[in-house]
Amino acid sequence: MNKQIAELLFPHIEKTEADYEAMYPARNLPEGAKVTRLGPSPTGFIHLGNLYGAFVDERLAHQSNGIFYLRIEDTDDKRFVPGAVDTIINSLGYFGINFDEGVTKDGDVGTYGDYTQSHRKEIYQCFVKKLVEEGKAYPCFLTEDEITDIRTKQEAAKLTPGIYGEFALSRNLSYYEIKEKIDAGMPYVVRLASGGDCSQREDIVRKVRVKDAIRGVLEMPENFHDVVILKATGIPTYHFAHVVDDHLMRTTHVVRGAEWLPSLPTHIELFEKLGWESPIYCHTAQLMKLGEDGNKRKLSKRHDPELSLDFYRKQGFHPTAVREYLLTILNSNFEEWRMENPDAPIDDFPFTTEKMSNSGALFDINKLMDISKDVLLQISANELYDFLKDWSAEFRPEIMNIFDDKAYMLQILDLGRNDQKPRKDLIYAEQIIEFISYFFDDMFKVEDAVPAEAEADQRAILNAYLEGYDHKDDQSQWFDKIRAIATELGYAAKPKDFKKHPEEYKGHVGHVSTVIRIALMGRSQSPDLWAIQQIMGEEMTKKRIANFASRI
Ligand code: GLU
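And the structure:
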């Protein structure tokens, strides 16, 4: 009879399990090679959690000479946003995450496709048909109202809500009853006929044991719900698509967020019912951040712009910095490894799922910035130039002229970076452009006020400075001149003299040089003044000083 029901529901399905097993044979890969996949929904929003998971997938596959592929999970068609696939590929590609197989911008690559779930309807239905034939799944005609009634009763009786046991009213329908309903045009879904114990008696909770590569052995109550595997539209639910796809595409490791843990027993039952071995699960930790109240909380799309991957591109974080940072939250021993191997390429790090945190992974943007400072120090000025130019072309097209004089820009970017104790001023593109803006007349603006101690003397300071200015002076000759100006005008030549006897001076040499700094750069803090002048050149230096003096 089950065979008849299956035929009634899926007369158009002719292929069998054996056909698909032959079409998608076991992969021919070296021993130990891992096959991983990313299965994003094409919602257009790609976030740090996706990148975090993708990173794990990518490392597991590529460290083992395996395969990492992209599958588009669009069974929930309400969420489809056009262009989303390109966004996924571009956003991840920017961070160095590249796929070997699956959906690409030019169609599918690989022999385990189609890699878009909405194109695989027939495949899923073949396996639903098989389960119906074997009495492991059945059509369910319950209406929404009936399901609501069931739920109300269950709540009153303090039972778990859901369709199972005595509530699974369609489970034992005969072929004729089913045929009658179908002929009458009644919509239906297909449900799994769960073998789980649904008595809900505490003394007989049956457990499933699953080894998770991140979390160790998990023991969870078995599934007893007759979950929906095929929706009324003929499209599978996530549960069913996951099981069929990861089996046929020969995925060895399923990396996904902890939000899927509660449905794991359902997936285990589905693998069992289909007679397949389940893959190794790797449930990653939720990304958390410290809230204003000092408590950890989940990153949220609405409150935390840094959750979106676009955020890092728009701000212009270098992909190497983001990768480096993500590894510090992914593997607890990464920072130690980095200290021991400061110059090694990041892919040399032996990534393992065992060293991953299974409670919340704490995301801290300040830490990312600190790491970025170190990472940018390792990047040559030439490469930084290209990076900033590309970023500006996309996000600040109006400032592209600052890249015209490459030699000038290279000197600016290298300022203070090759010293014994290098300066770590550069963090991300937007901040870098702002940081170096005073080197360009178009962007130059006076941001800070001259120190009160030297306010009355600013014109005298700048005039004396201009008068004595010789671009060929070395650093100590140059500073001697500033000291002389300071002394002449009643300022201490050394800050410590001023501290000792403040009553004898108007201020000290630092106040005097700050006036010059502000005239030249518009700010009271900056890298070495003399070095900046050497880069700006004599003409720009003198013009800035004269301009400022004339406006006092
Ligand atoms: N399509 C699922 C999601 O977007 C993927 C989960 C999985 O990797 O299995 O959350």
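Going by our numbering, the sequence shown opens with residue 142, and the numbers climb by one from there.
Even glycine gets a Cβ: it sits at the ideal position worked out from N, Cα and C.
Note that this is a predicted model, so its numbers are computed, not measured.
Near the ligand GLU: residue i beta-carbon under 7 angstroms from a heavy atom
{"i": "SER182", "result": "yes"}
{"i": "TRP401", "result": "yes"}
{"i": "GLU214", "result": "yes"}
{"i": "ARG397", "result": "yes"}
{"i": "HIS388", "result": "no"}
{"i": "HIS383", "result": "yes"}
Distance, residue j Cα to residue i Cα
{"i": "SER232", "j": "SER498", "result": "25 angstroms"}
{"i": "LEU440", "j": "SER500", "result": "14 angstroms"}
{"i": "GLU162", "j": "GLY207", "result": "20 angstroms"}
{"i": "LYS90", "j": "ALA672", "result": "Only positions 142 to 693 of the chain appear in this structure, which leaves residue 90 out of reach."}
{"i": "ALA627", "j": "GLN561", "result": "29 angstroms"}
{"i": "GLY432", "j": "LYS508", "result": "15 angstroms"}
{"i": "CYS267", "j": "LYS372", "result": "14 angstroms"}
{"i": "GLN675", "j": "PRO460", "result": "32 angstroms"}
{"i": "ARG564", "j": "HIS424", "result": "40 angstroms"}
{"i": "ASP387", "j": "ASP451", "result": "29 angstroms"}
{"i": "PHE581", "j": "ASN688", "result": "15 angstroms"}
{"i": "LYS640", "j": "GLU596", "result": "19 angstroms"}
{"i": "ASP527", "j": "ALA548", "result": "13 angstroms"}
{"i": "PRO592", "j": "ILE543", "result": "31 angstroms"}
{"i": "LEU661", "j": "LYS684", "result": "9 angstroms"}
{"i": "GLN519", "j": "ASN472", "result": "22 angstroms"}
{"i": "MET510", "j": "PHE475", "result": "17 angstroms"}
{"i": "ALA625", "j": "MET584", "result": "32 angstroms"}
{"i": "SER513", "j": "PHE236", "result": "14 angstroms"}
{"i": "GLY357", "j": "LEU670", "result": "57 angstroms"}
{"i": "GLY190", "j": "GLU465", "result": "15 angstroms"}
{"i": "VAL269", "j": "PRO406", "result": "19 angstroms"}
{"i": "HIS394", "j": "PRO420", "result": "6 angstroms"}
{"i": "ILE574", "j": "ARG537", "result": "10 angstroms"}
{"i": "TYR165", "j": "VAL384", "result": "15 angstroms"}
{"i": "HIS380", "j": "ILE304", "result": "16 angstroms"}
Which of helix, strand or coil DSSP assigns to residue i
{"i": "GLU433", "result": "coil"}
{"i": "PHE581", "result": "coil"}
{"i": "ALA590", "result": "coil"}
{"i": "THR228", "result": "helix"}
{"i": "VAL346", "result": "coil"}
{"i": "GLY708", "result": "Past the boundaries of the shown model lies residue 708; the chain is included only from 142 to 693, so the question cannot be answered."}
{"i": "GLY248", "result": "strand"}
{"i": "PRO636", "result": "helix"}
{"i": "PHE151", "result": "coil"}
{"i": "LYS352", "result": "strand"}
{"i": "VAL330", "result": "strand"}
{"i": "ILE676", "result": "helix"}
{"i": "GLU645", "result": "helix"}
{"i": "GLU214", "result": "coil"}
{"i": "PHE268", "result": "helix"}
{"i": "GLU575", "result": "helix"}
{"i": "MET142", "result": "coil"}
{"i": "ILE238", "result": "coil"}
{"i": "LEU371", "result": "strand"}
{"i": "TYR703", "result": "Only positions 142 to 693 of the chain appear in this structure, which leaves residue 703 out of reach."}
{"i": "LEU314", "result": "coil"}
{"i": "VAL273", "result": "helix"}
{"i": "LEU556", "result": "coil"}
{"i": "HIS188", "result": "strand"}
Short CB-CB distance (under 8 angstroms) between residue i and chain C
{"i": "GLN519", "result": "Absence of chain C from the displayed structure is noted, only one protein chain being present."}
Distance between beta carbons of residue j and residue i, contact taken as under 8 angstroms
{"i": "GLN258", "j": "ASP215", "result": "6 angstroms"}
{"i": "LEU334", "j": "GLY276", "result": "Going by the sequence as given, residue 334 is Ala instead of Leu. Going by Cβ atoms, the distance from ALA334 to GLY276 rounds to 7 angstroms, so yes, they are a contact pair."}
{"i": "ILE506", "j": "GLU571", "result": "About 14 angstroms separates the two Cβ atoms, so there is no contact after all."}
{"i": "TYR253", "j": "MET390", "result": "4 angstroms"}
{"i": "LYS430", "j": "ARG443", "result": "Between ARG443 and LYS430 the Cβ distance is about 14 angstroms, and since that is not below 8 angstroms, they are no contact."}
{"i": "LYS156", "j": "LEU272", "result": "Not really, about 15 angstroms apart at Cβ, beyond 8 angstroms."}
{"i": "ASP353", "j": "ILE345", "result": "Contact flag wrong, Cβ pair sits at about 25 angstroms."}
{"i": "VAL351", "j": "ILE409", "result": "6 angstroms"}
{"i": "ASP589", "j": "ARG479", "result": "At roughly 37 angstroms, the Cβ-Cβ gap does not stay under 8 angstroms, so ASP589 and ARG479 are not in contact."}
Heavy atom of the ligand ATP within 7 angstroms of residue i beta-carbon
{"i": "ASN482", "result": "Absence of the ligand ATP is noted for the structure shown, with the ligand GLU being the only ligands found."}
Enumerate, from N- to C-terminal direction, the unbroken beta strand (DSSP E) stretches of 3 or more residues contained entirely within the segment 384-442.
-> As far as the segment 384-442 is concerned, its whole beta strand (DSSP E) runs of at least 3 residues are 394-398, 421-425, 428-431 and 437-439.
Which whole runs of the alpha helix (DSSP H) in the segment 435-507 are 4 residues long or more, in chain order?
-> The segment 435-507 contains these whole alpha helix (DSSP H) runs: 450-456, 460-471 and 475-481.
Which residue spans inside the segment 502-540 form an unbroken alpha helix (DSSP H) run of at least 4?
-> Taking 4 residues as the minimum length, the alpha helix (DSSP H) runs contained wholly in the segment 502-540 are 506-518 and 522-536, in order along the chain.
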